[in-house]
Amino acid sequence: MAKPDMNYTSIKFDASGPVAVLSMARPGKLNALTPDMADEMRHALAHTEEARSVLIRGEGRAFCSGADLAAIVGEGDPGEGAYRSLVDHYNPLVMDIADHRLPIVAEVMGAAAGIGCSIALACDFCVAGQSAYFLQAFVNIGLVPDGGASWILPRLIGKARAAEMLMLGEKVHGRRAAEWGLIHRCVEDHIVANEARALASRLAAGPTVALGLMKANLSSALHHSYGTAMDREAQAQREAAGTDDAQEGIGAFLSKRAPHFKGK
Numbered sequence: 207m208a209k210p211d212m213n214y215t216s217i218k219f220d221a222s223g224p225v226a227v228l229s230m231a232r233p234g235k236l237n238a239l240t241p242d243m244a245d246e247m248r249h250a251l252a253h254t255e256e257a258r259s260v261l262i263r264g265e266g267r268a269f270c271s272g273a274d275l276a277a278i279v280g281e282g283d284p285g286e287g288a289y290r291s292l293v294d295h296y297n298p299l300v301m302d303i304a305d306h307r308l309p310i311v312a313e314v315m316g317a318a319a320g321i322g323c324s325i326a327l328a329c330d331f332c333v334a335g336q337s338a339y340f341l342q343a344f345v346n347i348g349l350v351p352d353g354g355a356s357w358i359l360p361r362l363i364g365k366a367r368a369a370e371m372l373m374l375g376e377k378v379h380g381r382r383a384a385e386w387g388l389i390h391r392c393v394e395d396h397i398v399a400n401e402a403r404a405l406a407s408r409l410a411a412g413p414t415v416a417l418g419l420m421k422a423n424l425s426s427a428l429h430h431s432y433g434t435a436m437d438r439e440a441q442a443q444r445e446a447a448g449t450d451d452a453q454e455g456i457g458a459f460l461s462k463r464a465p466h467f468k469g470k
């Protein structure tokens, strides 16, 4: 299993093939996220030079059950501990996922709760099992949603449903999540891993540079005007058109054959 020079203790990372697989590996804690674990994930995501897509998953019964409160609060000021964990560790991880140059697929089984929900939704695609669920349970313990939940949820499912998730703290299971447009797809539990890997492999076989530009444009369009989005698209098109993959794709189209992209 290939990995960079870091002694990972909370994750497993295999970047030896076109799909880099990042597994959260605290199954006994339902992959509850600690600051150190977030840092390991960030380190792994920064070392995907040979990969062309990324798959993020959790080992065991859950994708990620949320933040490990014991690791955050410790013996100090709980408010300051939560703040520093978010600002220094969790928020940068979510942004690294959202801004990554490669397409990222989340494979979700079991709980995607709290910051785990934010991680899953920051990915470009989320494939979940029918028994998987997405949960913002902060209201049940007197805290507020974080990790960008209050930004991304209304953009994905609208204000009313976002309020339902954030303020009522109820589970949204896989099928409903797909019906709402919260995730890409819900499938039967026993084929989640295969479906997520197949999607990641499909993306890895695509025009990597163009896919990265699409990601950036989608993110930018959530912040800017219609006209600005078109300007950015034109700039991205100029960059994409200069790639080897674009030349291959155009040539394949004109020759009426399937393209073979190399991510260059």
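With the sequence shown counted from 1, adding 206 to any position gets you this note's numbering. The C-beta atom is built at its ideal place from N, Cα and C for all residues, glycine as well.
Residue range of the beta strand (DSSP E) that includes residue 220: 217-220
What is the DSSP secondary structure of residue 465, counted as helix, strand or coil? coil
For residue 339, the first and last residue of its enclosing beta strand (DSSP E): 339-341
With a threshold of 7 Å on Cβ separation, who are the neighbours of residue 454 within its own chain once the five nearest residues in sequence on each side are excluded? 465, 466 and 467
Cβ separation of residue 270 and residue 237, assumed to be a contact under 8 Å, to the nearest whole Å: 5 Å
Does residue 263 come out as helix, strand or coil in the three-state DSSP assignment? strand
For the 8 Å Cβ check, are there 3 or more pairs between the region 259-267 and the region 221-228? yes
Taking the CB atoms as reference points, tell me whether residue 335 and residue 380 lie closer together than 8 Å. yes
Beta carbon of residue 421, beta carbon of residue 450: below 8 Å? no
Rounded C-alpha distance that separates residue 373 from residue 302: 27 Å
Taking the alpha helix (DSSP H) that residue 321 falls in, what are its first and last residues? 321-328
Go ahead and pull the three-state DSSP assignment for residue 453. helix
What does DSSP give as the partner residues of residue 228 in its beta bridges? 219 and 262
Can you tell me whether DSSP reads residue 207 as helix, strand or coil? Low confidence applies here, because residue 207 scores a pLDDT of 41, under 50, leaving its location unreliable; read the following figure in that light. Coil at residue 207, not helix or strand.
Taking only runs of the alpha helix (DSSP H) that begin and end inside the region 365-418, which ones reach a length of at least 4 residues, in chain order? 365-374, 380-386 and 398-410
How many Å lie between residue 431 and residue 416 at the Cα? 22 Å
In its own chain, which residues sit with a C-beta less than 7 Å from the C-beta of residue 390, not counting the 5 before and 5 after it? 331, 332 and 333
Selection from 343, 288 and 383 that minimises the alpha carbon distance to residue 327: 383
Could you tell me which of 295, 214 and 375 sits nearest to residue 241, measuring between CA atoms? 295
So, at 7 Å on beta carbons, what are the nonlocal neighbours of residue 356 in its own chain, with the 5 sequence-adjacent residues on each side left out? 372
Inter-residue spacing [alpha-carbon to alpha-carbon] between residue 423 and residue 329: 15 Å
Distance, Cα to Cα, residue 252 vs residue 212? 12 Å
Closest by C-alpha distance to residue 248, when choosing among 426, 300, 360 and 427: 300
Less than 8 Å separating the beta-carbons of residue 353 and residue 324? yes
Kindly indicate which three-state DSSP category residue 472 falls into: helix, strand or coil? As displayed, the chain neither begins before 207 nor continues past 470, which places residue 472 out of reach and without an answer.
If you check the beta carbons only, do residue 342 and residue 375 fall under 8 Å apart? yes
Start and end of the alpha helix (DSSP H) containing residue 304? 297-305
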